[in-house]
Amino acid sequence: MTKGLYEFWLSSIPGIGCRKIQAILSVFGEPEAVFQADREALAQVAGLRTKDIDRLIVSRNREQIKRRWDSICSRDILFTCVTHPDYPAKLHHIADPPYALYYKGSLPSEHVPSVAVVGARNASHAGMETAKQIGRELAENGIAVVSGLARGVDIAAQRGVLTVAGGRTYGVLGCGIDRCYPDNHIESYMLMQENGGVISEFSPGMPPYPGNFPMRNRIISGLSDGILVIEAGQKSGSLITAELGLEQGKDVFVVPGGIYDPCYKGSNSLIKNGAFLVTQTRDILDGLGIFLDEDASVRKKKCEVMLETSEKIVYSYLGLEPIHISELVRMSGLPVQRIMQLVLSLEMKGVIKQIGNQYYAIVL
């Protein structure tokens, strides 16, 4: 088997999470060595129980591993590992980084600022509208939004991003990447694959067990430069994400609420303990040290004025995060030769720039 298949095997064994994998690799170094290790050698790993060793040994079926790998590839599921160059750099700096990630779409770029937006699942209408507006305005200013695709604040913020051409949002799932949870968010789940991505550390097929969600919160905060909390009660799960963010050295931003409103007890407590109070999106940008002379959306609209109709089509799909020319072909439906002509024209007008091999981003 290839190195990638050994990594895939080690990442997908039930009951063997990232901490146990770290312990195993601290002894054996490489997944292939783990695959070949006998029971006695595996017993030398601190914290590895007899049933864990049984799982490791029983799972060593090359044909079965290859079939499962072929299955995820056939469903356009992508895989990365902590040792791979495309593994999100921000996750290297958190405690217990996931050993592997499954994703559809793309992974967040370390060069693009990002904000996690979390809050109540049973949010009020005002809370939902606030989340949607802030999500949209963050996207207009080139900020990627990370959240959990959950009901309430999460999905409202992510849907706000999806209204912005070139906006990027990433959904971190508490189940396998091949499942949209909740089911009625399928449209956003699909759109996010074209305008960011959906990500999970859980193997395809994993149900949305309640215990998975607190685990995925460290990834949501880890992928972000700051965490925005909207409508968190005293026992809100979003407080876990905020606390993880603080442990990771991230700034926490909070939309305040009424002092007697139980839906804001957690939010107001965060503010009392030093979180940034947010009354407008500009407060988040200032807190992250992103100072703009005017709204990015205004500058982008000014650029569009001087473009031809066909140039505007391509330009509308671009943002601050680089997009490959193949993605522009797919999203626009235009032939690759035509896209190449248009990006060259846009480059000559100084409104976009090439970053790397056939990756393009707008110039603001």
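With this note's numbering, the residue at position 167 of the sequence shown is 168, and numbering never jumps. Glycine is no exception: its CB is placed at the ideal position from the N, C-alpha and C atoms.
| Check | Outcome |
| --- | --- |
| Per-residue burial, residue 274 [other beta carbons within 10 Å of its own, 16 or more giving buried] | exposed |
| Contact set for residue 214: own chain, Cβ-Cβ below 6 Å, skip 5 residues either direction | 175 |
| For residue 278, the residue or residues it bridges with in DSSP | 255 |
| Coarse secondary structure for residue 22, derived from DSSP in three states | helix |
| Spatially closest choice to residue 159 from 137, 141, 166, by CA coordinates | 137 |
| Run of the beta strand (DSSP E) containing residue 104, from where it starts to where it stops | 101 to 106 |
| Environment of residue 347 [buried if 16+ CB atoms lie within 10 Å] | buried |
| Proximal residues to residue 351 (C-beta, below 7 Å), its chain only, five neighbours per side dropped | 364 |
| Runs of beta strand (DSSP E) lying entirely within the region 217 to 248, each at least 3 residues, in chain order | 227 to 231 |
| Cβ neighbours of residue 91 in the same chain (closer than 7 Å, five flanking residues each side left out) | 111, 223, 224 |
| With 16 other Cβ atoms within 10 Å as the buried cut-off, status of residue 191 | exposed |
| Buried or exposed by the 16-neighbour rule on C-beta atoms within 10 Å, applied to residue 106 | buried |
| Residue 9 to residue 18 span [Cα, whole Å] | 13 Å |
| Beta bridge counterpart(s) of residue 362 as assigned by DSSP | 354 |
| Nearest candidate by alpha-carbon position, reference residue 330, set 177, 354, 360, 247 | 360 |
| Boundaries (first-last residue) of the beta strand (DSSP E) holding residue 171 | 170 to 173 |
| Cutoff 8 Å; reference residue 63; Cβ partners in own chain excluding five residues on either side | 2 |
| Inter-residue CB distance, residue 16 and residue 53 (contact presumed, cutoff 8 Å) | 6 Å |
| Cα-Cα separation between residue 251 and residue 322, rounded to whole angstroms | 21 Å |
| Residue 54 in three-state terms, based on DSSP | helix |
| Length of the line joining the Cα atoms of residue 266 and residue 242 | 16 Å |
| Residue span of the alpha helix (DSSP H) that contains residue 343, given as start and end | 337 to 349 |
| Cut-off 7 Å between Cβ atoms - residues of its own chain near residue 76, not counting five sequence neighbours on either side | 179 |
| Euclidean distance between Cα positions of residue 332 and residue 163 | 14 Å |
| Nearest residue (CA-CA) to residue 88, options 277, 270, 220 | 220 |
| Coil, strand or helix - residue 200 by DSSP | strand |
| Classification of residue 210 by the beta-carbon crowding that lies within 10 angstroms, buried from 16 upward | exposed |
| Sub-8 Å separation of residue 128 and residue 117 beta-carbons | no |
| DSSP bridge partner residues for residue 80 (one or two, in chain order) | 103 |
| CA nearest to the CA of residue 217, picked from 147, 25, 233 | 147 |
| Residue 127 - containing alpha helix (DSSP H), residue span | 126 to 141 |
| Assigned exposure category for residue 185 - 16 Cβ within 10 Å defines buried | exposed |
| For residue 147, the residue or residues it bridges with in DSSP | 117, 171 |
| Rounded Cβ spacing between residue 167 and residue 320 (contact assumed at less than 8 Å) | 3 Å |
| Identity of the residue in 170, 144, 257, 340 nearest residue 150 by Cα | 170 |
| Straight-line Cα distance separating residue 108 from residue 245 | 21 Å |
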